[in-house]
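**Student:** Got a structure for you, questions after.
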Amino acid sequence: MFKPALLAATLALSLPSLAAAVPLTDAANDFIASYTGPKNGDLDVRSSEVFLGNGVFDFTASLGGNIGTTTGGFYVFGVNRGSGTARFASLGLNNVLFDAVVIINNNLTGSVRDLLTNTSTNLSPAAISFNGASLSALVNAALLPSTGFAAADYTYNLWPRSPGAGNAFISDFAPDNANAQVTAVPEPATWALMIGGFGAVGCLARRRRSDAAFA
Numbered sequence: 187m188f189k190p191a192l193l194a195a196t197l198a199l200s201l202p203s204l205a206a207a208v209p210l211t212d213a214a215n216d217f218i219a220s221y222t223g224p225k226n227g228d229l230d231v232r233s234s235e236v237f238l239g240n241g242v243f244d245f246t247a248s249l250g251g252n253i254g255t256t257t258g259g260f261y262v263f264g265v266n267r268g269s270g271t272a273r274f275a276s277l278g279l280n281n282v283l284f285d286a287v288v289i290i291n292n293n294l295t296g297s298v299r300d301l302l303t304n305t306s307t308n309l310s311p312a313a314i315s316f317n318g319a320s321l322s323a324l325v326n327a328a329l330l331p332s333t334g335f336a337a338a339d340y341t342y343n344l345w346p347r348s349p350g351a352g353n354a355f356i357s358d359f360a361p362d363n364a365n366a367q368v369t370a371v372p373e374p375a376t377w378a379l380m381i382g383g384f385g386a387v388g389c390l391a392r393r394r395r396s397d398a399a400f401a
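So in the working numbering, the last one in the sequence shown is 401, and the numbering has no gaps at all.
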């Protein structure tokens, strides 16, 4: 006997997890104690999310003020591709793990730096966009090759910085002492499979109800 619910469950299990694409949120004005720079809103993370789809990462964030308020301010996404280590142990942050960084400057320039190979690649200004207090930077996944994890399993942390050398110019960490999970976006073909599959389930269910009405 055909069971629509069973087919639906089978289709769901065959697709990548669409779990909870919930942005990381961070408390307002939670500047870290060791920070010595200006406490401007554009250096205070409010939310962030990194998406992966069609071989491109989209690094996004919303800040507490318009980007560019702090002259020379910039944003660093630390990425753990599988070999991440704790590089902020001196700040008591043993769970912020990364082996590459994506740097976004507030003058619409940026770069990707592989900390294991000590190589850096500049991003095209066209890949970076600001909209008030929000930012987005598109990074080809080839610039962040795996060091053990599948790309969809990468994790990240975001920290804004005011100009200056050393950890005293890091204003915030988001998450505070952890990494957040990249959000994998299904490929178009996967969306088509999902829509078509569940559409078929609906059609078959309606047909069964119609047949039952004339039985």
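Just so you know, even glycine gets a beta-carbon here, dropped at the ideal spot from N, CA and C.
Can the beta-carbon of Ile-290 be found closer than 8 Å to that of Leu-321?
**Tutor:** yes
**Student:** Three Cβ pairs or more, each shorter than 8 Å: is that satisfied between the region 244 to 260 and the region 223 to 231?
**Tutor:** yes
**Student:** Using only alpha-carbon positions, find the residue among Val-325, Leu-344 and Ser-348 that is nearest to Ala-337.
**Tutor:** Val-325
**Student:** Measure the alpha-carbon distance for Ala-221 versus Phe-284 and round it to whole angstroms.
**Tutor:** The identity of residue 221 in the sequence shown is Tyr, whereas the question assumes Ala. Taking the straight line from one Cα to the other gives about 21 Å.
**Student:** Might you give, ordered along the chain, the residues of its own chain that have their beta carbon closer than 7 Å to the beta carbon of Ala-378, omitting 5 neighbours on each side?
**Tutor:** The predicted model places Ala-378 with a pLDDT of 47, which falls under 50 and marks its position as unreliable, so this point remains unresolved.
**Student:** Cα-Cα, which of Tyr-261, Val-288, Ile-314 and Ser-315 is closest to Ser-306?
**Tutor:** Val-288
**Student:** Would you identify the three-state DSSP class for Gly-250, choosing helix, strand or coil?
**Tutor:** coil
**Student:** Got a sec? Which residues, its chain only, sit under 7 Å from Ser-332 by beta carbon, not counting five neighbours each side?
**Tutor:** Arg-267 and Gly-268
**Student:** To the nearest angstrom, report how far apart Asn-240 and Ala-351 are at their CA atoms.
**Tutor:** 36 Å
**Student:** Within the 8 Å Cβ cut-off, does Ala-319 reach chain D?
**Tutor:** Here there is only one protein chain, and chain D is not present.
**Student:** DSSP state of Asn-308, grouped into three classes?
**Tutor:** strand
**Student:** Could you check where the beta strand (DSSP E) with Ser-322 kicks off and where it finishes?
**Tutor:** 320 to 326
**Student:** When you compare the CB positions of Gly-264 and Asn-215, do they come within less than 8 Å of one another, or not?
**Tutor:** no
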